[in-house]
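So the structure is just underneath, and the comments pick up after that.
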DNA sequence: CCCCAGGCAGTTA
DNA sequence: TAACTGCCTGGG
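In the numbering used here, the protein residues as written are 230 to 515.
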């Protein structure tokens, strides 16, 4: 049964900014500039109409509740942007460019696997791999005569062998996804433990134990599915933008990760992760 | 054809 | 602990 929820006079909400700032892989643009995506067992279309946002789709519960949670609608991004804009003109500029960004509340398990797949990979290919995994191991949901596939549960994905994953195009990441899936399936409490743990260093340490999870992937998981807004994932684009704006080293590759981490912490404090999203989106798109 | 793309893991110095 | 290198694959 299709449901609809309209968010009136939405502040800080631009579908393009949200879905193309690098945090998620399962949202696709439609011809009318709206986006359709799947998370959990929900298939939703998001369309900006003037200052309103229209959410439509089939949901595993009440669409308003589900969207409020997933799109983090109770967080005041106007205030966050206002605070961050005061830090410096560089950040202010990037915020104006990506003013509609919001960090989604994504599922921990899906985020864990998705970002293992993201290693040394590009976005179109990451999306393709996740789509094929979901089609083969997830559940089919039909919406508007189109088929969508939920991201497989750990149990569902544990049906895949290393060879199966290789055939789906994971490349050398096949083993990592296989092993991590096995760990989760054999350790039922691991995900809920991670969700409860609030200490960043402890969390990072635990996440790094999964095959395929290094520093960058661990930070993405913490920021995108565990709401740790102070972590500052550093990939090539973030390194680039931080060097261009502040460090200005002629040889960008010489800039150490530690230097960037410290700089981000010093400048952006406990909102560094959100600042990272604005900077990343701005540097990639502009 | 070569090169790279939102890194990780294993090895060496 | 830092530096180095291989890794699947698809697109430019």
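Built from N, CA and C at the ideal position, the CB exists for glycine as well.
Remember, it's a predicted structure, so these values are computed and weren't measured experimentally.
>> Residues in the same chain with beta-carbon distance under 7 Å from residue 394, minus the five sequence neighbours each way, listed in chain order, please.
In response: Along the first chain, one-based indexing puts residue 394 at 165. Excluding sequence neighbours, residue 394 sits near 403, 406 and 407.
> My guess is that residue 429 and residue 457 are in contact by the Cβ rule of under 8 Å, so how many angstroms apart are they, rounded?
Replying inline: Against the first chain, residue 429 aligns to sequence position 200. Against the first chain, residue 457 aligns to sequence position 228. Contact flag correct, Cβ pair sits at about 6 Å.
> If you draw a straight line from the C-alpha of residue 443 to the C-alpha of residue 452, how long is it?
Replying inline: By 1-based counting over the first chain, the position of residue 443 is 214. By 1-based counting over the first chain, the position of residue 452 is 223. About 14 Å.
>> Would you call the segment 312 to 325 in contact with the segment 412 to 424, where contact means no fewer than 3 C-beta pairs closer than 8 Å?
In response: no
>> If you reduce the DSSP assignment to three classes, tell me which class residue 436 lands in.
In response: Here residue 436 refers to the residue found at position 207 of the first chain. Helix.
> Where does residue 265 land, buried or exposed, given buried means 16+ other C-beta within 10 angstroms?
Replying inline: What you label residue 265 is simply residue 36 of the first chain in a count that begins at 1. Buried, because 16 or more other Cβ atoms sit within 10 Å of the Cβ of residue 265.
> From residue 371 to residue 273, what does the alpha carbon distance come to, in whole angstroms?
Replying inline: By 1-based counting over the first chain, the position of residue 371 is 142. By 1-based counting over the first chain, the position of residue 273 is 44. Distance between the alpha carbons of residue 371 and residue 273 is about 11 Å.
> Taking the continuous beta strand (DSSP E) assigned at residue 181, which residues delimit it?
Replying inline: Examination of residue 181 is not possible in this model, given that the chain is present from 230 through 515 alone.
> Hey, which unbroken runs of the alpha helix (DSSP H) at 4 residues or more fall wholly within the segment 327 to 382?
Replying inline: 337 to 346 and 352 to 366
> Is the segment 346 to 359 touching the segment 243 to 263, taking contact as three or more C-beta pairs under 8 Å?
Replying inline: yes
> Taking three-plus beta-carbon pairs below 8 Å as touching, is the segment 233 to 250 in contact with the segment 297 to 308?
Replying inline: yes
> So which of 282, 454 and 483 has the shortest CA-CA distance to residue 465?
Replying inline: Within the first chain, the letter at position 236 stands for residue 465. Closest by alpha carbon: 483.
> What do you reckon, are the CB atoms on residue 450 and residue 340 nearer than 9 Å?
Replying inline: For the purposes of this step, residue 450 is taken as residue 221 along the first chain, with counting starting at 1. For the purposes of this step, residue 340 is taken as residue 111 along the first chain, with counting starting at 1. In this structure, residue 340 lies closer than 9 Å to residue 450 by Cβ.
> Helix, strand or coil for residue 272 per DSSP?
Replying inline: For the purposes of this step, residue 272 is taken as the residue at position 43 of the first chain. It is a strand residue.
>> Checking the sheet assignment: what are the DSSP bridge partners for residue 287?
In response: The residue given as residue 287 occupies position 58 in the first chain. 272.
>> Can you tell me whether residue 291 is buried or exposed? The criterion is at least 16 other CB atoms within 10 Å of its CB, across all chains shown.
In response: Locating residue 291 in the first chain gives position 62, counting from the first residue. Its Cβ having fewer than 16 others within 10 Å, residue 291 is exposed.
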